[in-house]
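Peer 1: I have a structure here, written as structure tokens, and I will follow up with some questions on it.
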């Protein structure tokens with residue numbers, strides 16, 4: 001299973017925070033926004049096309065804002081260049097906020113670990129968005145999952161995967177696992193790499209990362225306390241069908257695009273977790289990508 005060297009040591013550094021009263025207000029706002037997802041399920045079931053997409057995208061914007069985060073999109077405002085044409089959206093993985101940010105740009109079918117299905121309220125909404133769940137303990141089910149993704153892509157869906165297979169701190173990143181890239185090859189659709197970056201003001205930050213010994217509650221509390229949190233979604237160029245002969249080449253092309261962004265377009269400080277490399281502390285949220 002994929003592991004990450006990022007641990008508790010990656011979450012250091014001084015960042016501006018808000019007071020307890022404002023933090024409590026944010027918590028109530030975020031909880032209320034999530035609860036709005038219950039009637040949203042009815043809208044998801046009834047609406048179709050752009051109306052449904054706008055409703056879901058708007059809700060994710062509200063939830064993201066409820067946690068005190070602002071969204072910044074760099075590049076195209078949609079992951080699909082042509083509506084109705086399938087695309088595999090490939091991103092890095094930092095936080096539980098990732099999915100909120102991605103769907104606030106364009107609601108897509110995400111691949112997630114099976115545990116998320118049992119989350120209160122959010123689990124039902126994520127399931128209603130036709131999420132594909134993977135059981136990391138049962139690798140024998142992977143071919144069937146790839147077939148399901150390929151079928152969705154052929155039908156014109158945008159499907160998202162976290163290519164590293166596990167969370168990293170956001171300043172360091174992992175190798176892209178090739179297994180799920182096979183779905184794009186089978187369906188004959190392009191791959192759209194995206195890169196998620198978290199900033200407080202004009203500086204990159206690791207504080208939203210969900211790594212190390214944190215519980216989900218610990219991570220949520222830390223995010224709620226941040227002042228000026230920005231989630232950047234960098235939408236990179238599509239990789240056209242036929243550019244790669246196999247899934248490993250395709251994964252390498254997507255990873256190379258993300259790495260070029262990291263080295264040339266996003267200024268970051270050294271990862272605080274570099275001293276922990278080799279310890280392989282498992283990250284807390286993962287999707288299968290072996």
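Residue numbers (UniProt numbering): 1 to 290.
Just so it is clear, CB atoms sit at the ideal spot from N, CA and C, and this is done for glycine as well.
Model, not experiment: these values are computed from the prediction.
#1: Please work out which residues of its chain come closer than 6 Å, Cβ to Cβ, to residue 170, disregarding the five sequence neighbours upstream and downstream, and give them in chain order.
#2: Decide if the segment 67 to 77 is in contact with the segment 34 to 45; the criterion is three or more beta carbon pairs, one per stretch, under 8 Å apart.
#3: Would you mind working out which of 10, 45, 196 and 177 sits nearest residue 312, comparing C-alpha positions?
#4: So, residue 97 versus residue 67, is the Cβ gap smaller than 8 Å?
#5: Starting from residue 193, trace the alpha helix (DSSP H) both ways and give me its first and last residue.
#6: State whether the segment 165 to 182 contacts the segment 101 to 110, with contact taken as three or more CB pairs (one from each stretch) at a distance under 8 Å.
#7: Between the C-alpha atoms of residue 244 and residue 141, what's the straight-line distance to the nearest angstrom?
#8: So, with DSSP's three-state summary, where would you put residue 66?
#9: How about residue 200 and residue 226: are their beta carbons less than 8 Å apart?
#10: Determine the direct distance from the alpha carbon of residue 167 to that of residue 30, and round the result to whole angstroms.
#11: Can you give me the Cβ contacts of residue 250 inside the same chain, cut-off strictly under 8 Å, excluding the 5 residues immediately before and after it?
#12: Considering only DSSP beta bridges, list what residue 230 is partnered with.
#13: Between the Cα of residue 49 and those of 157, 6 and 81, spot the shortest distance and give me the residue it belongs to.
#14: Quick one: grab the DSSP three-state call for residue 18.
#15: Check for me: the beta strand (DSSP E) holding residue 88 runs from which residue to which?
#16: Give me, in chain order, the residues of the same chain whose beta-carbon lies closer than 6 Å to that of residue 100; leave out the 5 immediate sequence neighbours on both sides.
Peer 2: In short, the structure shows the following:
#1: What you label residue 170 is simply residue 170 of the chain shown in a count that begins at 1. Same-chain partners within the cutoff: 94, 198, 206 and 209.
#2: Contact fails: fewer than three Cβ-Cβ distances are below 8 Å.
#3: In the structure as shown, the chain starts at 1 and stops at 290, and residue 312 therefore has no counterpart that could be examined.
#4: To locate residue 97, count along the chain shown from 1; it is residue 97. To locate residue 67, count along the chain shown from 1; it is residue 67. Yes.
#5: Walking along the chain shown from the start, residue 193 turns up at place 193. Boundaries around residue 193 are those of the beta strand (DSSP E), 191 to 200, since no alpha helix (DSSP H) includes it.
#6: Here the segment 165 to 182 does not lie against the segment 101 to 110, with fewer than 3 beta-carbon pairs under 8 Å apart.
#7: Sequence index remark: in the chain shown, residue 244 carries index 244 (1-based). Sequence index remark: in the chain shown, residue 141 carries index 141 (1-based). Approximately 25 Å between the Cα atoms of the pair.
#8: Position 66 of the chain shown, counted from the first residue, corresponds to residue 66. In the structure shown, the three-state DSSP call for residue 66 is helix.
#9: Within the chain shown, the letter at position 200 stands for residue 200. Within the chain shown, the letter at position 226 stands for residue 226. Taking 8 Å as the Cβ cut-off, residue 200 and residue 226 qualify as a contacting pair.
#10: For the purposes of this step, residue 30 is identified with residue 30 of the chain shown, where counting begins at 1. For the purposes of this step, residue 167 is identified with residue 167 of the chain shown, where counting begins at 1. Residue 30 and residue 167 have their alpha carbons spaced roughly 23 Å apart.
#11: Taking the chain shown and counting its residues from 1, one reaches residue 250 at position 250. Contacts found: 178, 181, 184, 185, 191, 239, 243 and 244.
#12: On the chain shown, residue 230 is found 230 positions in, with the first residue counted as 1. In DSSP, residue 230 forms a bridge with 70 and 199.
#13: Taking the first residue of the chain shown as 1, we reach residue 49 at position 49. The option with the nearest alpha carbon to residue 49 is 157.
#14: The count along the chain shown starts at 1 and reaches residue 18 at position 18. In the structure shown, residue 18 adopts coil according to DSSP, grouped into three states.
#15: As a first step, residue 88 is located in the chain shown; it is residue number 88 there, counting from the start. 87 to 91 is the span of the beta strand (DSSP E), which, as asked, contains residue 88.
#16: Position 100 of the chain shown, counted from the first residue, corresponds to residue 100. Excluding sequence neighbours, residue 100 sits near 60, 63 and 64.
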